[in-house]
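A.B. asks:
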Amino acid sequence: MIHWTGMSLLIVALALIPVFRGGNADWPPALLALSAALSLVMAAWASARSSTTQLMMSRRATLPLALWFLWLGWQVIQLIPLPAELLEQIAPYSYSVHQAISAVGAQPVYRLSTAPLDSLRLLQWSLAYFTLYLAVLWHVRERRDFKILLIAIAVMTTLQAMYGALHEITGFTISLLDPANAHRHGATGSFPNRNHFAAYLVLGAATILALLLGRPSESRQTLRGKLLSLLNLLASPVLLYRMMLIALVVGVVLSRSRMGNTSLAIGLSVLAVIWLLQTRKSANFLKALLIFGSIAVVDIALISERFGIERVLAR
C-alpha cells in the first residue's frame, strides 16, 4: 500500500508539472519537489517497517549521485556573497557586471552569478529534479514499476499532443492552460514555446517505443502458432501504443518546430539501426522491422504530408 502511494505521488508530480503553462511558473518546481519528497517519505516509512534491510540504491547510482552533488554544489557556490577583491581575481567578468550595477547607484552583492534570480530558479528546479531522481531510484525497482511509469508518461504526452493538435486544427482552447502568446506559429499544447512542446512529445515517443520493443517475444514455428501470435498481437496493447505514437507524431509536425521534427526523425533512425543490428539474429527482428517500417511509412510519410511537413521544411 505504501509503495503504491509513493508511486502515485510520482505519477501525480510528473502529470501536473507540464499541465499549467508547461511548468513555466513559480509553483511547479515546488509542487514537483513536494510530491517527490512525500514519495521519499513513503519509501523510508516502508523501509523502516520492513523486516529486511533494503538498500536505497545500487552501486550503479554512485556516479550519477556524485555528479548531482557536484552540480547542486556549483549552483550554491554561484549564489554565495564574496569579497569584491576575491571576485575580481577569480571571476573578472562577474566583477565587472557588479561594478556596472554599482556605477548606476545600486548596491551590488558580489557573487559569481550575474543573474541571481535566474540562478536561484535554476537551483530550485535542480533540487526538484534531484528529489524526483531519488524517489524514482527508491520506488522503481521491478519491471512492473518501470512499465507503469512509462505508461503514465506516454499517456501524459499523448494528451498534450491531442490538445495541441485539437487547438491547431479546430481552434479549441482552455484559457487556464494556455500561456500568453502561445499558438501563434504552430501547436504548443499547454507550453509557451513550440520547441519545448515538441521536445516533450519526442520524450513521450521514446517511452512508447520502449513499451513496444520491450514486450516479450513469442517464438512460434508452426503456421497455427504464427496465426495465434498475430491474434495475440491484435488483442494486445500494441495497437493502442501505435495510435498514441501516431498522435505524438501529429503533434510534433503541427508544432512546426524544426528542432522537434529533426530530433524525432534522427532519434527514430538511429534507434532503428541500433535495434535492428542488435536483434538481427533473434526472434525480435521481424517485430522491430515491422514497427519501424510502419513508423516510416504511416507516421513520417503519410501523416507528415497530411499535416504539413512542407511548412516545417520551408522554415
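Read in order, the letters of the sequence shown are residues 1 to 315 in this note's numbering. Here a beta-carbon is modelled for each residue, glycine too, at the ideal position from N, C-alpha and C. All values derive from a computational prediction rather than experimental measurement.
Check residue 155 in the structure and name its three-state DSSP category.
C.D. replies: helix
A.B. asks: Between the Cα of residue 108 and those of 81, 152, 266 and 244, spot the shortest distance and give me the residue it belongs to.
C.D. replies: 81
A.B. asks: Is residue 177 helix, strand or coil when you go by DSSP?
C.D. replies: coil
A.B. asks: Given a threshold of 16 other Cβ atoms within 10 Å of its Cβ, counted over all protein chains shown, does residue 92 qualify as buried or as exposed?
C.D. replies: exposed
A.B. asks: Express the C-alpha separation of residue 190 and residue 160 in angstroms, rounding to a whole number.
C.D. replies: 7 angstroms
A.B. asks: Under 8 angstroms: do the segment 30–37 and the segment 127–135 share three or more Cβ pairs, one atom per stretch?
C.D. replies: Between the segment 30–37 and the segment 127–135 there are three or more inter-stretch CB-CB distances shorter than 8 angstroms, so the stretches are counted as touching.
A.B. asks: Between which residues of its own chain and residue 114 is the CB-CB distance below 8 angstroms, once the five residues before and five after are set aside?
C.D. replies: 93, 94, 97 and 98
A.B. asks: Grab me the residues of residue 61's own chain with a C-beta within less than 8 angstroms of its C-beta, minus the 5 sequence neighbours each way, in chain order.
C.D. replies: 137
A.B. asks: Among 112, 149 and 105, whose alpha-carbon lies nearest the alpha-carbon of residue 84?
C.D. replies: 112
A.B. asks: Would you kindly report the start and end of the unbroken alpha helix (DSSP H) that includes residue 253?
C.D. replies: Residues 238–254.
A.B. asks: Please look up how many angstroms separate the CB atoms of residue 106 and residue 14, rounded, as I've assumed it's under 8 angstroms.
C.D. replies: Not quite, the Cβ-Cβ distance comes to about 41 angstroms (not below 8 angstroms), so this is no contact.
A.B. asks: Check this for me: beta carbons of residue 318 and residue 86, under 7 angstroms apart or not?
C.D. replies: Residue 318 is absent from the structure shown; the chain starts at 1 and stops at 315.
A.B. asks: Relative to the alpha-carbon of residue 243, which residue among 264, 277, 158 and 207 has its alpha-carbon at the smallest distance?
C.D. replies: Restricting attention to 264, 277, 158 and 207, the CA atom closest to the CA of residue 243 is found in 158.
A.B. asks: Rounded to the nearest angstrom, how far is the Cβ of residue 177 from that of residue 19, given a contact under 8 angstroms?
C.D. replies: Residue 177 to residue 19, Cβ: 7 angstroms. Contact.
A.B. asks: Hey, residue 345 and residue 257 are a contact pair by Cβ (cut 8 angstroms); roughly how many whole angstroms apart?
C.D. replies: Since the first residue shown for the chain is 1 and the last is 315, residue 345 is missing from the structure and cannot be characterised.
A.B. asks: Look at residue 6 and residue 44 and say whether their C-beta atoms are less than 7 angstroms apart.
C.D. replies: no
A.B. asks: Beta-carbon within less than 6 angstroms of residue 166's beta-carbon, same chain only, minus the 5 sequence neighbours each way: which residues are those?
C.D. replies: 172
A.B. asks: Kindly list the residues whose CB is nearer than 8 angstroms to the CB of residue 72, restricted to its own chain and excluding five residues on each side of it in sequence; keep chain order.
C.D. replies: 123, 126, 127 and 130, listed in sequence order.
A.B. asks: Please list the terminal residues of the continuous alpha helix (DSSP H) segment that includes residue 69.
C.D. replies: 62–79
A.B. asks: Mind checking which residues open and close the alpha helix (DSSP H) that includes residue 108?
C.D. replies: First-last for residue 108: undefined, no H or E at that position.
A.B. asks: Out of curiosity, what's the CA-to-CA distance linking residue 254 and residue 169?
C.D. replies: Annotation: residue 254 to residue 169 spans about 9 angstroms, alpha carbon to alpha carbon.
A.B. asks: The alpha helix (DSSP H) that contains residue 126, what's its start and end?
C.D. replies: 116–139
A.B. asks: Short check: CB of residue 201 to CB of residue 251, under 7 angstroms?
C.D. replies: yes
A.B. asks: On the DSSP letters alone, give me the boundaries of the alpha helix (DSSP H) that residue 208 sits inside.
C.D. replies: 194–213
A.B. asks: For residue 75 and residue 146, I'd like the C-alpha separation in whole angstroms.
C.D. replies: Per the coordinates, the alpha-carbon of residue 75 lies some 31 angstroms from the alpha-carbon of residue 146.
A.B. asks: Compute the distance between the beta-carbons of residue 149 and residue 211, then report whether it is under 7 angstroms.
C.D. replies: no
A.B. asks: Taking the alpha-carbon of residue 64 as reference, which of 187, 34, 133 and 77 has the nearest alpha-carbon?
C.D. replies: Nearest to residue 64 by alpha-carbon distance, out of 187, 34, 133 and 77, is 133.
A.B. asks: Go ahead and pull the three-state DSSP assignment for residue 52.
C.D. replies: For residue 52, the pLDDT reaches just 45, beneath the cut-off of 50, and the residue's location in the model is therefore unreliable, leaving the point undetermined.
A.B. asks: Do residue 247 and residue 162 come within 7 angstroms of each other at the CB atom, strictly closer than that value?
C.D. replies: yes
A.B. asks: Helix, strand or coil: how does DSSP classify residue 263 here?
C.D. replies: helix
A.B. asks: If you follow the alpha helix (DSSP H) that residue 82 is part of, which residue opens it and which one closes it?
C.D. replies: That residue, residue 82, is in no alpha helix (DSSP H); it is neither H nor E in DSSP.
A.B. asks: Excluding the 5 residues flanking residue 269 on each side, which residues of the same chain have their C-beta closer than 8 angstroms to its C-beta?
C.D. replies: none
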